[in-house]
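To start, the structure itself, in structure tokens.
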DNA sequence: CTACTAAATAGGAATGAATCTTATTTGTCA
DNA sequence: TGACAAATAAGATTCATTCCTATTTAGTAG
């Protein structure tokens, strides 16, 4: 993602914060920027390690709390994986995830037939669907290569 | 599920254990039986509470380790939820889950168009798909009722 | 520009889930 | 039956997350 696109996203993010009456703190902006720039769907701790380079005495709690705030105001989502730490995703467009159960890497993929799934008819009365998560688990190419060598 | 059907499932389970050279211990069978009988997709701890009634000095570790063994030999799956403890599911047939983000309840649903989803074409080369997870998150009818009252 | 206030942060303590360690017990099979 | 590998109980440890509290700071009204 080029610097210009990032700048635009950050402006939109700041607007969203204002709409939610949240203060624009340097920590918040830095955490959002690093989340945007990472395509790894980082955990709170991974992001903490990165942001710490620019803010040596930021606390883990701030990073974690801020990420949850992002989820609450709808600028990020939690990616569901099987055990381990929560992973965060700033990409709000329709997409789905591949989860390598060997190395833990999470990769985006796009697929029309997955996007177009309608909410099913025969679900218990009145269940109010808020979101849909599709995760394919498997072994990524890198891990397969390593495995076939070993 | 009636007692006869349970008995049959347990026999099949014991066969599977033998095929994997796993010992048939009373704990294993009890844990499997209680997992079968619960339709709540229980966590390791929830199951521990139940099994403890029949085996007062079973350890949590045994329950947890045994459940992971079940996953490894393919007689149960981990249900993916967003944070919180892992939940286990002995139902191996095609089905998907509704997850109430308010009360945490996990409910099964069946839907042909969800079952029939093909593995997508345009995923990174060589990603070897092992499984597919679809979870709809939302608010269950019970929680909606409570909410509209409050 | 200054002062005030509610919100946010840093740091550490506490909680909860899952795993690991070790001594003991128990299925399984010869 | 006896031997042995596998499984268990119990508690310690690790890791992720949340909570607590004193301090700092962004936003705002004067």
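Protein chains in written order, with the numbering used here: chain A, 1 to 150; chain B, 1001 to 1150. Ideal Cβ positions, reconstructed from N, Cα and C, are used throughout, including at glycine.
Residue range of the unbroken beta strand (DSSP E) whose run includes residue i
i: residue 137 (chain A); result: 128 to 139
Opposing strand residues paired with residue i [DSSP bridges]
i: residue 1107 (chain B); result: B:1098
i: residue 1089 (chain B); result: B:1077
i: residue 43 (chain A); result: A:87
With 16 other Cβ atoms within 10 Å as the buried cut-off, status of residue i
i: residue 1134 (chain B); result: buried
i: residue 190 (chain A); result: Outside the shown range of chain A, which is 1 to 150, sits residue 190 (chain A), and nothing can be said about it.
i: residue 11 (chain A); result: exposed
Candidates the options, of which the one nearest residue i by Cα
i: residue 72 (chain A); options: B:1063, B:1101, B:1030; result: B:1101
i: residue 1137 (chain B); options: A:127, A:136, A:144, A:143; result: A:127
i: residue 1085 (chain B); options: B:1064, B:1019, B:1097, B:1146; result: B:1064
i: residue 9 (chain A); options: A:120, A:98, A:36, A:112; result: A:36
i: residue 46 (chain A); options: A:148, A:142, A:88; result: A:88
i: residue 97 (chain A); options: A:30, A:91, A:108, A:117; result: A:108
i: residue 1113 (chain B); options: A:110, A:50, A:111, A:118; result: A:118
i: residue 1093 (chain B); options: B:1043, B:1115, B:1022, B:1099; result: B:1115
i: residue 1021 (chain B); options: B:1069, B:1122, B:1032, B:1078; result: B:1069
i: residue 122 (chain A); options: B:1038, B:1095, B:1052, B:1049; result: B:1095
i: residue 82 (chain A); options: A:99, A:67, A:124; result: A:99
C-beta neighbour in chain B for residue i, strict 8 Å
i: residue 87 (chain A); result: no
i: residue 92 (chain A); result: no
i: residue 115 (chain A); result: no
i: residue 141 (chain A); result: yes
i: residue 41 (chain A); result: no
i: residue 107 (chain A); result: yes
i: residue 134 (chain A); result: yes
i: residue 26 (chain A); result: no
Alpha helix (DSSP H) segment containing residue i, residue limits
i: residue 1119 (chain B); result: Residue 1119 (chain B) -> no alpha helix (DSSP H), and no H or E assigned at all.
i: residue 1026 (chain B); result: 1026 to 1037
i: residue 14 (chain A); result: 3 to 19
Cutoff 8 Å: residue i Cβ touching any chain A Cβ
i: residue 1061 (chain B); result: no
i: residue 1129 (chain B); result: yes
Contact test: residue i Cβ vs the ligand MN heavy atom, cutoff 7 Å
i: residue 1048 (chain B); result: Absent from the structure shown: the ligand MN. Ligands present: none.
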